[in-house]
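Numbering (the UniProt record's numbering), first residue to last: 1 to 372.
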């Protein structure tokens, strides 16, 4: 029998306790009334999930625009959970850890996967070091890169880890290679009910399917079952996932297609820079600069009378702009058009709750600071 949102798997457990559907409603009421703030969000979601409505309101992260509420069909969320279970080989009775906030889709879907697949789910308050103080090992967990970075010394307590919300940096990726945990970077968004594709980032069995990018093997994302991809006229990804969306989803992500189920992410259409008629993709430049720029940074295009847009580098914290620019000018991996015209230092980047940089809002801060 196919899973449905109105039922709870008989092997589902929450913090070690088995609950029926009706009991779980009481848990939701209790968390909302008596729980900590982070538990309120879990309780609210349980009550919304277990009511008779076929839809649920979910808030977007706001990393590429103003956060908004969108309605998702619960049957699509169930289908997404089943596809995740098939892709990662999850089975009823396995253990999982929820360490993401339940007010966004990633945290909500950990609860859905547990209820639909019959996982034994423990939840904790979201933090940058979620495994601190945790002695138990888990079969499955989802984190954002910041949490993974803060859990490197204990990450092998997780058998399979999915990481989303922001790309995994080259520096962090290199730190994962000696870990026994199977770590996957995911691609997705709220509108596609979290991830629609994933790729393993450590302990890769073969480099045959990879492509070198700045000295490392760049493996493509592979879609989950019953999902295919294509490109539109802009070169951006289009996702055809009839089990989780009524219509194909057109994204603003530049991609290179490997097949109709595999692709490489290149960068955001929203971030593209037209400098003197040359199209620059910031994410591709940043992948090179990460070798010589410390800390968090990104490149962007600012208005320029001569070029239309000039390429600038924005660094978090104090920066010696002159010394850094000299270093960049001597860096052989950058094309001449990829060298920033100017460098700015900003005390603290604007970011989402998951730690993803809000580029547009951060760029606005430049007008209120002195030039670095």
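Every residue, glycine too, gets a C-beta built ideally from N, C-alpha and C. All values reported here derive from a predicted model rather than from experimental measurement.
Would you mind stating whether residue i and residue j have Cβ atoms separated by less than 8 Å?
i           : j           : result
residue 279 : residue 334 : no
residue 237 : residue 251 : yes
residue 12  : residue 98  : no
residue 317 : residue 166 : no
residue 163 : residue 144 : yes
residue 83  : residue 248 : no
In this structure, does DSSP put residue i in helix, strand or coil?
i           : result
residue 371 : With a pLDDT of 44 at residue 371, under the threshold of 50, the modelled position of this residue cannot be trusted; read the value that follows with caution. Coil.
residue 30  : helix
residue 227 : coil
residue 38  : helix
residue 310 : strand
residue 342 : strand
residue 19  : coil
residue 83  : helix
residue 248 : coil
residue 78  : helix
residue 12  : coil
residue 240 : strand
residue 324 : helix
residue 69  : strand
residue 293 : coil
Excluding the 5 residues flanking residue i on each side, which residues of the same chain have their C-beta closer than 8 Å to its C-beta?
i           : result
residue 46  : 24, 25, 27, 28, 31, 111
residue 255 : 229, 231, 235, 236, 237, 263, 264, 265, 266
residue 215 : Per-residue confidence for residue 215 stands at a pLDDT of 47, beneath the threshold of 50, marking its modelled position as unreliable; no derived number is given.
Report all residues from its chain with a CB closer than 6 Å to the CB of residue i; omit the five preceding and five following residues, and keep chain order.
i           : result
residue 221 : 187, 197, 199, 263
residue 283 : 267
residue 393 : The question about residue 393 has no answer, for the chain in this structure spans 1 to 372.
residue 170 : 290
List the DSSP bridge partners of residue i.
i           : result
residue 108 : Beta-bridge pairing links residue 108 to no other residue.
residue 95  : 120
residue 187 : 197
residue 265 : 255
Excluding the 5 residues preceding and the 5 following residue i in the sequence, name in chain order all residues of the same chain whose CB lies nearer than 7 Å to its CB.
i           : result
residue 351 : 357, 358
residue 349 : 296, 316, 357, 362
Using CA coordinates, which residue listed in the options is at the minimum distance from residue i?
i           : options            : result
residue 148 : 135, 121, 136, 182 : 182
residue 114 : 141, 135, 275      : 141
residue 96  : 104, 312, 117, 77  : 117
residue 364 : 43, 150, 336, 314  : 314
residue 304 : 137, 105, 275, 100 : 275
residue 91  : 329, 309, 294, 9   : 9
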